[in-house]
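Chemist:
In this note's numbering, the protein residues as written are 6 to 404.
(1) Using DSSP with H/G/I as helix, E/B as strand and the rest coil, what is residue 143?
(2) Helix, strand or coil: which one does DSSP assign to residue 401?
(3) Tell me the DSSP secondary structure of residue 152 in three-state form.
(4) Would the beta-carbon of residue 333 fall within 7 Å of that of residue 302?
(5) Ordered along the chain, which non-local residues of its own chain (more than five positions away) have a Cβ less than 6 Å from that of residue 381?
(6) DSSP puts residue 287 in a beta bridge; with which residues?
(7) Going by DSSP in three states, residue 176 sits in which element: helix, strand or coil?
(8) Could you give the uninterrupted runs of the alpha helix (DSSP H) lying entirely in the region 262 to 326, keeping only those of 4 residues or more?
(9) Can you have a look at residue 291 and say buried or exposed, based on whether 16 or more other CB atoms are within 10 angstroms of its CB?
(10) CA-CA distance, residue 396 and residue 348?
(11) What does the alpha-carbon distance come out to for the pair residue 383 and residue 398?
(12) Leaving out five residues before and five after residue 88 in sequence, what residues of the same chain have Cβ atoms less than 7 Å from its Cβ?
(13) Please report the distance separating the alpha-carbon of residue 235 from that of residue 299.
(14) Does DSSP classify residue 204 as helix, strand or coil?
(15) For residue 225 versus residue 202, is the C-beta spacing smaller than 7 Å?
(16) So, for residue 113: in the same chain, excluding its five sequence neighbours on each side, which residues have a beta-carbon less than 8 Å away from its beta-carbon?
(17) Is the beta carbon of residue 339 less than 7 Å from the beta carbon of residue 313?
(18) Taking one C-beta from the region 100 to 114 and one from the region 175 to 190 each time, how about it: are there three or more such pairs within less than 8 Å?
(19) For the beta strand (DSSP E) holding residue 170, just list the boundary residues, first then last.
(20) Which partner residues of residue 226 appear in the DSSP bridge assignment?
(21) When the distance is taken between beta carbons, is residue 259 closer than 7 Å to residue 295?
(22) Among all the DSSP beta bridges, which residues are the ones paired with residue 405?
(23) Would you identify the three-state DSSP class for residue 158, choosing helix, strand or coil?
(24) For residue 233, count neighbouring Cβ atoms within 10 angstroms of its own Cβ and tell me buried if that reaches 16, exposed if not.
(25) Rounded to a whole number of angstroms, what is the C-alpha to C-alpha distance between residue 370 and residue 248?
(26) CB residue 337 to CB residue 309, shorter than 7 Å?
(27) Roughly how many angstroms separate the alpha carbons of residue 189 and residue 218, rounded to a whole number?
(28) Closest by CA to residue 77, which one among 271, 110, 403 and 149?
(29) Going by CA-CA distance only, name the one from 403, 344 and 373 that's closest to residue 388.
(30) Answer yes or no: do residue 254 and residue 288 have a C-beta to C-beta separation smaller than 7 Å?
(31) Near residue 391, which residues of its chain fall below 8 Å by C-beta distance, leaving aside the five closest residues on each side in sequence?
(32) Does DSSP classify residue 166 as helix, strand or coil?
(33) Secondary structure at residue 246, three-state DSSP: helix, strand or coil?
(34) Thinking just about the alpha-carbon of each residue, which of 285, 124, 277 and 328 is nearest to the one in residue 306?
(35) Using 7 Å as the limit for Cβ to Cβ distance, is residue 98 near chain B?
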């Protein structure tokens, strides 16, 4: 029997090894969905390369907005990463009947369809977004406001263009809330001053009436001063801090001072304040910002508590041992889910205002949020209507 030459034997072995490696790569690719096995008819080609016109590929790469390309089977061929974050595409499929209906209608009749759409960011993308803002709300997510345009490229492909206008909508909401709340606060003093001026202009002024009008002026001015003070606190709360040995703060010492200062206000409202916590917790603070944040959380809890209610304030170390968690728990009216996603916005005031909270301008929780941000922490809320609310301010421990 003739022996095979050594060079040919080596070539055969290398070829066999390459085939095995190629087989393993293909199996791994299919298993992890990185390689797709298509059942398309022979000669139809790959949709990403052969069937998609070159000019369409170039156009898609240049579009500033989110874009999604859909084939005749309603499968997503290409899409921007933002389509997943905005809740338009999930697992390579269009999410939402409204978009699919527009795709079918456009594919059948041509032209384009334009409409507004509101979506929710999927939880995993919302969690990634919250890492940047470090402000969390549990069980709720802020909606995305989108402008959608659907158009047909050819007999096979339909494109979906998505413009995210959420920032514009939220800015408009903050602006409108600011104008409404501040205008109401400014109208009070001007109306009270006008009444007092009318009383003084009378030939024989009624002393009792003048005294009552003066009380109204004082009360209105007090509310206006409160608003200006909150605005200054909000500005100061946005100033970043640098942790150092000079700004270390014992958490429980600060909480005791804050609770003692607010106890008369709580007693006046018929609410009991309770304090407990770990005396070893030390954090960094600048300019009394932590006091401002906790004050706003406690005042908020008192305002929404019923007479005879209890507001609990506590401090504990987080499970990872690197943070201090300050909780303010009330037994008040609670917060509706639709309001929870917006309560940390400046000038936003939800439904269910009580007599004690009617004069606020919606800055207290925004101040607490910005204090959390500047201290590299976060703030979260849990609430159910009728069962009260829990606000948790989490801050890094001093090193």
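Glycine is no exception: its CB is placed at the ideal position from the N, C-alpha and C atoms. In this text the structure is predicted, and so the values were computed from the model without any measurement.
Modeler: Working from what's here:
(1) No answer about residue 143 holds up, because its pLDDT of 46 lies below 50 and its placement is not dependable.
(2) Here residue 401 sits in strand by DSSP.
(3) In this structure, residue 152 counts as strand in the three-state DSSP scheme.
(4) A distance below 7 Å separates the beta carbons of residue 333 and residue 302.
(5) Spatial neighbours of residue 381 in its own chain (CB-CB distance under 6 Å, excluding positions within 5 residues in sequence) are listed in chain order as 401.
(6) Bridge partners of residue 287: 255.
(7) In the three-state scheme derived from DSSP, where H, G and I count as helix and E and B as strand, residue 176 is classed as helix.
(8) Fully enclosed alpha helix (DSSP H) runs of 4 or longer: 294 to 308.
(9) For residue 291, the number of other beta carbons within 10 angstroms of its own is at least 16, and it is reported as buried.
(10) Straight-line Cα distance between these residues: approximately 12 Å.
(11) Rounded to whole angstroms, residue 383 to residue 398 spans 6 Å at the Cα level.
(12) Within the same chain, residue 88 has close Cβ partners 71, 73, 94 and 167.
(13) Roughly 14 Å between the two C-alpha positions.
(14) Helix at residue 204.
(15) Remark: C-beta atoms of residue 225 and residue 202 do not approach each other more closely than 7 Å.
(16) There are no such residues.
(17) Taking the C-beta atoms as reference points, residue 313 is found no nearer than 7 Å to residue 339.
(18) Contact between the region 100 to 114 and the region 175 to 190 is absent, because fewer than three Cβ pairs lie under 8 Å.
(19) Where residue 170 is concerned, there is no enclosing beta strand (DSSP E), given that its DSSP letter is neither H nor E.
(20) Beta-bridge annotation (DSSP): residue 226 is not paired with any residue.
(21) Yes, Cβ-Cβ distance for residue 295 and residue 259 is below 7 Å.
(22) Because the chain is modelled from 6 through 404, residue 405 falls outside the range shown and cannot be assessed.
(23) In the structure shown, residue 158 falls within a coil segment according to DSSP collapsed to helix, strand and coil.
(24) The residue is exposed, with fewer than 16 neighbouring Cβ atoms inside 10 Å.
(25) As the crow flies, the alpha-carbon of residue 370 is around 23 Å from that of residue 248.
(26) Cβ distance < 7 Å, so residue 337 and residue 309 count as in contact.
(27) Between the alpha carbons of residue 189 and residue 218 lies a gap of roughly 18 Å.
(28) Considering only alpha carbons, the answer is 110.
(29) That would be 344, whose Cα lies nearest to the Cα of residue 388.
(30) Contact flag set, yes.
(31) Excluding five sequence positions before and after residue 391, the CB atoms of its chain that fall closer than 8 Å to its own CB belong to 338 and 339, given in chain order.
(32) The answer is strand: DSSP assigns residue 166 an E or B state.
(33) If DSSP states are grouped into helix, strand and coil, residue 246 belongs with coil.
(34) Minimum Cα distance to residue 306 is reached at 277.
(35) The structure shown contains no chain B; it is built from a single protein chain.
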